[in-house]
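Heads up: the sequence lines are chains V and R, in that order. Residue numbering for the first sequence follows the numbering used here, beginning at 502 and increasing consecutively. Residue numbering for the second sequence follows the numbering used here, beginning at 265 and increasing consecutively. Every residue gets a Cβ at the ideal spot worked out from N, C-alpha and C, and that includes glycine. To start, the structure under review is shown below, and the notes come after it.
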Amino acid sequence: MEKIEGGRLRVALAGNANVGKSVIFNQLTGLHQHVGNWPGKTVERAEGSLSFGGYTIDVVDLPGIYSLSTYSIEELISREYIAVERPDVLINVVDASVLERNLFFTLQLLELEPRMVVALNQVDLAESKGIHVDAVKLSELLEVPVVPTVATKNIGLQELMRKVIEVARGEWKHPAPIRYGSEVEGRIEALTEAVRGVETPYPPRWVAIKLLEGDDEIKRIVYRLKPSVEEVVERLKREIEEIHGHDAASVIASERYAVASRIAAEASVHRVPRRTLADRLDEATSHPVLGYVFMAAVVLAVFYAIFTFGDYTSGLIGEGFEALRAIYEGCFGSGPVAAFVWDGLVEGIIAGVTIALPYIVPFYVALSVLEDSGYLARIAFLMDSAMHKIGLHGKGFIPMMLGFGCNVPACLGCRIMETERERLICAFVASLIPCAARSIVIMGLVAEYVGFEWAIALYLIDFVLIFALGRLAFKVVPGEPMGLIMEMPAYRRPTLRVTASRTWFKLKDFVNTAFPIMIAGNLVIQLASLVGLLDLVQGALSPVTVGWLGLPAAAGVTLIFGVLRKELTLILLAALLGTSNFALVLTPTQMFIFAFVVMIYVPCIATIAVLVKEFGYKRAAIISLTEIGLAVALGGILLRILTLLGFG
Amino acid sequence: MSALSSDSVEEYLEAIYTFNERGEPAKNVELARRLRVSPPSVTQMIKRLAAEGLVEYEPYKGATLTGRGMALAQKVVRKHRLLERFLHDFLGLRQDRVHEEACKLEHSLSDEAAAALCKALDSPETCPDDGNPIPPCTLDVEDCAQCAEAREREGESFRLLTQLSNLKPGEEGVVAFIRGGTTACQRLLDMGLTCGTRVRVVNAAPFRGPIEIAVRGSTLALGRRLAGHVFVEIEDDSTAHRRIHPHGPHHGRERRGWRR
Chain V
502 MEKIEGGRLR VALAGNANVG KSVIFNQLTG LHQHVGNWPG KTVERAEGSL SFGGYTIDVV
562 DLPGIYSLST YSIEELISRE YIAVERPDVL INVVDASVLE RNLFFTLQLL ELEPRMVVAL
622 NQVDLAESKG IHVDAVKLSE LLEVPVVPTV ATKNIGLQEL MRKVIEVARG EWKHPAPIRY
682 GSEVEGRIEA LTEAVRGVET PYPPRWVAIK LLEGDDEIKR IVYRLKPSVE EVVERLKREI
742 EEIHGHDAAS VIASERYAVA SRIAAEASVH RVPRRTLADR LDEATSHPVL GYVFMAAVVL
802 AVFYAIFTFG DYTSGLIGEG FEALRAIYEG CFGSGPVAAF VWDGLVEGII AGVTIALPYI
862 VPFYVALSVL EDSGYLARIA FLMDSAMHKI GLHGKGFIPM MLGFGCNVPA CLGCRIMETE
922 RERLICAFVA SLIPCAARSI VIMGLVAEYV GFEWAIALYL IDFVLIFALG RLAFKVVPGE
982 PMGLIMEMPA YRRPTLRVTA SRTWFKLKDF VNTAFPIMIA GNLVIQLASL VGLLDLVQGA
1042 LSPVTVGWLG LPAAAGVTLI FGVLRKELTL ILLAALLGTS NFALVLTPTQ MFIFAFVVMI
1102 YVPCIATIAV LVKEFGYKRA AIISLTEIGL AVALGGILLR ILTLLGFG
Chain R
265 MSALSSDSVE EYLEAIYTFN ERGEPAKNVE LARRLRVSPP SVTQMIKRLA AEGLVEYEPY
325 KGATLTGRGM ALAQKVVRKH RLLERFLHDF LGLRQDRVHE EACKLEHSLS DEAAAALCKA
385 LDSPETCPDD GNPIPPCTLD VEDCAQCAEA REREGESFRL LTQLSNLKPG EEGVVAFIRG
445 GTTACQRLLD MGLTCGTRVR VVNAAPFRGP IEIAVRGSTL ALGRRLAGHV FVEIEDDSTA
505 HRRIHPHGPH HGRERRGWRR
């Protein structure tokens, strides 16, 4: 990589979570970025580019992680990227206020032997905590350039890029990976020799260390290529364990931390800090009583803000489209072809624009602010115990809460969970939360015509179901359940720039993936309706809808259209039955069962689109089908129970 | 510290433990009934234990063990329940007789002998009379095969260890080992909880929620169960408990770290 072709550089940002990595990314790339997923993963991949010093620099923002083990997909992605894609320069973003823990990761990065620059970020926060870090000293100790930065104020980033270019040009010599204590070091060296001939994308010394740490992924790669290594590894591990009395992985971690600790101590000076506003806020917001009061206020405020904004904007846009339709009909008439073009093609876009967007935009803004400010961590801390009851940890509370408004942001919010397993459980549970549209049906039908207490009963049944299914999913979804391990970042002021750009790019990504599904789904149903397929389907469904669930035949079509928007079921039902006074045409039991089925069966198309985007077609289908099966099965059982109890 | 090793202190800690393990504080009247002493002498003893940093006492609510008190209580309760098992399973004593007998023997049993007894009994999990769990072994072992060797290292009297989850806000401990080789434990190491690291509990969420700890200059939230995998040594430093404030988390919250 001595010569840089065409003046183009590839740079990756790596570092712990909460160190301001994405702020640096945003400051560097501005609007020239793209947010997507890593191939086949629900891990966000942000890429962008900038021009600096005559170079075009492509930047990849790697996920925020604490180690290069195989704890999470993020860690695997990061280490593979660094080793296989070999970026020209790696920028390690380090939080100056938590230097020791951050250096533990820096030392691991150095073992991958990249060309590296350290961005010593949040030096202002460190100073306020009474910590002064000497960047020059740190640079000497690590043998890589260290640039102090305050990313939120755009301080030091020019200098950072200058160093990146110096390093890319080969003006800095390669830093040496750290040495361990002699007992461990000797064995690492012996193993490094043993694996030297083995073709992996990783440096041999790193491979040796990972083998001693018992890394499953590396073991698999190496043992397949050279099975004889296994015996050597096991012997060396045993020797280390005999000398130190602990397993090799923890001995290596301890020694690495000892080095990080020594470097941190040599490069920083500590004063007794003043109590800052952030400290006081931290105390109040994680207080066993006040904390919950504060949380309830914040959650309600966020909830209220998202849904009043959503409701208002959604109505406004809806009216706009209606006016547009009037104009359209004025031009093309309301004949069957014109109507089909509108219903089949435009209606799908309308559903997306009026239903999803008005809620998603404020949701993205709120989530970004909650996360950047550090408050999300406090909510997770306070809610952990309650969320454990349904097999999730504290962070899962956020998507659950959002689900009451709309399942779309709820399922998107599941990204805050660490593992794929937890994301999936969380999304499954969130898709069962009665959203605003379902509440319309429950309130408009059951509360209005059957009685308010029956509407409450429906909600209660749903909560019991969520609880039971959450626990069940917790048992059947493969993988190790994870307890809460989470950094409690110091409170920080979120920046408008980061929030705005993050919202914008995520929104773009959402529109790109979810809209085609919504438009296609709508088109399919409208087409089916046009060619009379729906009547056939209705006939085919009648054993279920009429026979098993005891509903009128018209319910079949209603339920199919309900996939588009659940509140549609009520409007459509009124149209098909010829009256909106449901008491005349439906028995109270029918209304109750109908509302129950609408509440549980299949998430709406927008939610399905999100599930596809987050988890792929297969799992989205499994979730949807499970919920249909559940709604039908339980609906029928419920009907029989009600009949037995003497409700007709 | 001499008073702390006395049998009666151990009896008190044991009694408080039996309440605390059910998730409730030990009320003075209930302690008096259980220990068959007068309520005023309980009050006096609780005051002393609080001054020694072994319990936190809240008027009208009762006493809960601090991490330090918990470590001591776990030692004696463990001996008690192991002895009960031995008396019942090996010697065939009647179930309603083992408790009293164990009460007398427990104070003279060394830590080393208790560990050996545990090994000989094939590490039982519950006591015979009321099925309560036996507090965990505090030796740094993966399984019982390493018991003898680990016993040898510790000597007659073991270090004072307890799980990190038992520490109260304000208390400190030094990580001794993490039990259970899961990925979560690897994660704990990555986050800096390596052996010999000092950790301080900063805050604890109610309803047995997570605890917040300060380690290596950073603040982490750990699920209570996860924190139960981490065994910390309570230092036998007579000044240590003075840092513990009886009224909870909001004192001594300054982020200390970087202790090199």
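### Query
How big is the Cα-Cα spacing for residue 680 of chain V and residue 766 of chain V?
If you draw a straight line from the Cα of residue 680 of chain V to the Cα of residue 766 of chain V, it is about 18 Å long.
### Task
Inspect the CB distances between the segment 514-525 of chain V and the segment 589-604 of chain V and report whether three or more fall short of 8 Å.
Yes, they touch.
#### Entry: Sequence-distant residues of its chain with Cβ nearer than 8 Å to residue 555 of chain V (five each side left out)
508, listed in sequence order.
### Distance, residue 273 of chain R Cα to residue 502 of chain R Cα
Bear in mind that the predicted position of residue 502 of chain R carries a pLDDT of just 48, short of 50, making it unreliable; the figure below should be weighed with that in mind. Roughly 17 Å separates the two Cα atoms.
### Task
Provide the residue span of the beta strand (DSSP E) that contains residue 553 of chain V, from first to last.
Looking at the DSSP string, the run of the beta strand (DSSP E) that includes residue 553 of chain V is 545-553.
### Query
Under a CB-based cut-off of 8 Å, is residue 684 of chain V close to chain R?
Taking Cβ atoms only, chain R never reaches closer than 8 Å to residue 684 of chain V, which makes this a no.
### Query
So, helix, strand or coil for residue 622 of chain V, using DSSP?
When secondary structure is reduced to three states using DSSP, residue 622 of chain V falls in the strand class.
### Query
Hey, how far is the Cα of residue 268 of chain R from the Cα of residue 370 of chain R?
Note on residue 268 of chain R: pLDDT 47, under 50, position unreliable in the model; no value is reported.
### Query
If we count Cβ pairs, one from each stretch, closer than 8 Å, do we get three or more for the segment 892-900 of chain V versus the segment 870-881 of chain V?
Three or more Cβ pairs closer than 8 Å define a contact, and the segment 892-900 of chain V meets that threshold against the segment 870-881 of chain V.
### Task
With a floor of 4 residues, list each alpha helix (DSSP H) that falls wholly inside the segment 722-754 of chain V, ordered by position along the chain.
Qualifying alpha helix (DSSP H) stretches, in chain order: 730-745.
### Message
Counting C-beta neighbours from all protein chains within 10 Å, is the total for residue 953 of chain V 16 or more, i.e. buried, or is it exposed?
### Response
Taking all protein chains shown into account, residue 953 of chain V has fewer than 16 neighbouring C-beta atoms within 10 Å of its C-beta and is therefore exposed.
### Query
Looking only at C-alpha atoms, which of R:355, R:311, R:449 and R:402 sits nearest to residue 423 of chain R?
Each of R:355, R:311, R:449 and R:402 was checked against the Cα of residue 423 of chain R, and the nearest Cα belongs to R:402.
### Query
Quick one: does residue 894 of chain V have its CB under 8 Å from some CB of chain R?
Cβ-Cβ to chain R under 8 Å: yes for residue 894 of chain V.
### Task
For residue 502 of chain R, decide whether its Cβ has a neighbour in chain V, counting only Cβ atoms nearer than 8 Å.
In this prediction, residue 502 of chain R has a pLDDT of 48, which is less than 50 and means its spatial position is unreliable; what the coordinates show is noted afterwards. Judged by the 8 Å Cβ criterion, residue 502 of chain R is not in contact with chain V.
### Query
Residues bridged to residue 476 of chain R by DSSP?
DSSP lists R:467 and R:485 as partners of residue 476 of chain R.
### Task
Let me know the secondary structure DSSP gives residue 270 of chain R once reduced to three states.
The answer is coil: DSSP assigns residue 270 of chain R none of H, G, I, E or B.
### Query
Do you know how far the Cα of residue 853 of chain V is from the Cα of residue 1062 of chain V?
In this model, residue 1062 of chain V and residue 853 of chain V are separated by some 15 Å (Cα to Cα).
### Message
At a CB distance below 7 Å, what residues from the segment 349-365 of chain R approach chain V? Give them in sequence order.
### Response
Near chain V, meaning a CB-to-CB distance below 7 Å, no residue of the segment 349-365 of chain R qualifies.
#### Entry: Minimum C-alpha distance to residue 622 of chain V - residue among V:972, V:1001 and V:648
Ranking the options by Cα distance to residue 622 of chain V, first place goes to V:648.
### Query
Does the beta carbon of residue 286 of chain R sit closer than 8 Å to a beta carbon anywhere in chain V?
Not one chain V Cβ lies under 8 Å of residue 286 of chain R.
### Message
Looking at chain R, is there any beta carbon in it that lies within less than 8 Å of the beta carbon of residue 633 of chain V?
### Response
No, residue 633 of chain V does not count as interfacial toward chain R.
### Query
Between residue 522 of chain R and residue 769 of chain V, what straight-line distance do the alpha-carbon atoms span, to the nearest angstrom?
The predicted model places residue 522 of chain R with a pLDDT of 36, which falls under 50 and marks its position as unreliable; any figure quoted below should be read in that light. Taking the straight line joining both Cα atoms gives about 10 Å.
### Query
CA-CA distance, residue 1045 of chain V and residue 1100 of chain V?
If you draw a straight line from the Cα of residue 1045 of chain V to the Cα of residue 1100 of chain V, it comes to about 17 Å.
### Message
Within 8 Å, do at least three Cβ pairs link the segment 651-663 of chain V to the segment 785-793 of chain V?
### Response
The segment 785-793 of chain V is not in contact with the segment 651-663 of chain V.
### Task
Starting from the Cα of residue 497 of chain R, find the closest Cα among R:281, R:471 and R:439 and give me that residue.
Here the closest residue by C-alpha is R:439.
### Task
Mark residue 552 of chain V as exposed unless 16 or more other C-beta atoms lie within 10 angstroms of its C-beta, in which case mark it buried.
Per the 10 Å Cβ criterion, exposed.
### Message
When you compare the CB of residue 739 of chain V with every CB in chain R, is at least one pair closer than 8 Å?
### Response
Taking Cβ atoms only, chain R never reaches closer than 8 Å to residue 739 of chain V, which makes this a no.
### Query
Going by alpha carbons, who is nearest to residue 850 of chain V out of V:988, V:778 and V:1019?
Residue 850 of chain V has its Cα closest to that of V:1019, out of V:988, V:778 and V:1019.
### Query
Can residue 457 of chain R and residue 475 of chain R be called in contact, C-beta distance under 8 Å?
No.
### Query
In chain B, which residues lie less than 7 Å from residue 1100 of chain V when you measure between Cβ atoms?
Of the protein chains in this structure, namely V and R, none is chain B.
### Message
Among V:801, V:1084, V:1128 and V:746, whose alpha-carbon lies nearest the alpha-carbon of residue 945 of chain V?
### Response
Per the Cα distances, V:1084.
### Query
Would you report the Cα separation of residue 433 of chain R and residue 484 of chain R, rounded to the nearest angstrom?
Cα to Cα, residue 433 of chain R sits roughly 13 Å from residue 484 of chain R.
### Query
Between residue 698 of chain V and the rest of its own chain, which residues show a CB-CB distance below 8 Å, the 5 nearest in sequence each way excluded?
Answer for residue 698 of chain V: 727, listed in chain order.
### Residues near residue 692 of chain V by beta carbon distance below 7 Å, same chain, minus five either side
The answer, listed in chain order, is 709, 712, 713, 733, 734 and 737.
### Message
Please state the DSSP three-state secondary structure of residue 1134 of chain V.
### Response
Reduced to three states, the DSSP call for residue 1134 of chain V is helix.
### Task
Taking 8 Å as the threshold, find out whether the segment 289-306 of chain R comes into contact with the segment 358-368 of chain R through three or more Cβ pairs.
No: fewer than three Cβ pairs fall under 8 Å.
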